[in-house]
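Student: Residue numbers (my numbering): 244 to 426. C-beta: ideal position from N, C-alpha, C; glycine also.
1. Tell me whether residue 292 sits in a helix, a strand or coil according to DSSP, three-state version.
2. Within a Cβ cutoff of 8 Å, which residues of the same chain sit near residue 393, ignoring the five residues on either side of it in sequence?
3. If we call anything under 8 Å between Cβ atoms a contact, is residue 365 one with residue 312?
4. To which residues does DSSP link residue 326 through a beta bridge?
5. Considering just the uninterrupted stretch of the beta strand (DSSP E) at residue 368, what are its terminal residues?
6. Specify the secondary structure class of residue 361 as computed by DSSP and reduced to three states.
7. From which residue to which residue does the alpha helix (DSSP H) around residue 280 run?
8. Which residue wins for smallest C-alpha separation from residue 304, given the options 381, 389 and 398?
9. Check the Cβ-Cβ distances between residue 304 and every residue of chain C, and say whether any is below 8 Å.
10. When the Cβ atoms of the region 322-339 are set against those of the region 372-391, are three or more pairs found closer than 8 Å?
11. Here's the rule: buried if 16 or more other CB atoms are within 10 angstroms of the residue's CB, otherwise exposed. What is residue 378?
12. At which residues does the alpha helix (DSSP H) containing residue 264 begin and terminate?
13. Under 7 Å Cβ to Cβ from residue 301, same chain only, skipping five residues before and after it: list those, please.
14. If distances are taken between C-alpha atoms only, which option among 314, 326 and 266 comes closest to residue 367?
15. Reducing DSSP to helix, strand and coil, say where residue 410 ends up.
16. For residue 372, verify whether its CB is less than 7 Å away from any heavy atom of the ligand GDP.
17. What runs of the alpha helix (DSSP H), each 4 residues or longer, lie entirely inside the region 327-354?
18. Using three-state DSSP, classify residue 391 as helix, strand or coil.
Here it is in structure tokens:
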């Protein structure tokens with residue numbers, strides 16, 4: 244059986260992007276509005292600020308992905324790290340949904356032939372595959388920050404987004420049982 248690595252790559256990139264979004268959504272759903280905007284230290288970012296940065300990054304990178312530089316002239320990256328008095332949790336979450344939809348629909352629209360095409364980010368040439376890898380790494384980096392900070396704010400009331408402590412053996416058993424039944 245021949246494998247189509249390019250189609251597999253694109254499907255995996257989309258699947259991983261959706262997974263990181265699910266982690267972020269699950270973490271943010273557990274925190275209060277107060278904790279959403281609270282920074283752990285003066286030079287640290289709140290959950291809201293990290294989310295605002297991700298929104299700006301996703302919008303910039305995925306708008307006209309194949310035809311314009313990924314760092315758009317309208318993006319103000321530095322402003323993403325400042326709290327705007329008009330921002331609410333609801334407005335940031337709406338922006339987050341829109342930015343993810345843009346990224347996911349653009350990624351879903353790519354074909355195997357697109358992977359070798361050249362795109363630019365801040366004028367630097369990347370293959371589409373390199374740009375996707377860069378975006379996935381950035382997404383994962385900030386997803387980890389968001390989950391970590393939300394877990395700190397929730398403490399003992401945190402609901403695990405993956406395998407809860409003490410449940411690894413049961414999880415492994417279920418996965419192995421499912422894999423055996425699919426053979």
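Tutor: According to the structure data:
1. helix
2. 270, 271, 273, 274, 278, 290 and 401
3. yes
4. Answer is none; residue 326 lacks a bridge partner.
5. 367-370
6. strand
7. 276-280
8. 381
9. Although the question refers to chain C, the structure presented lacks it and comprises just one protein chain.
10. no
11. buried
12. 248-271
13. 342, 343, 345 and 346
14. 314
15. coil
16. With respect to the ligand GDP, the structure offers nothing, as it holds no ligand at all.
17. 332-351
18. helix
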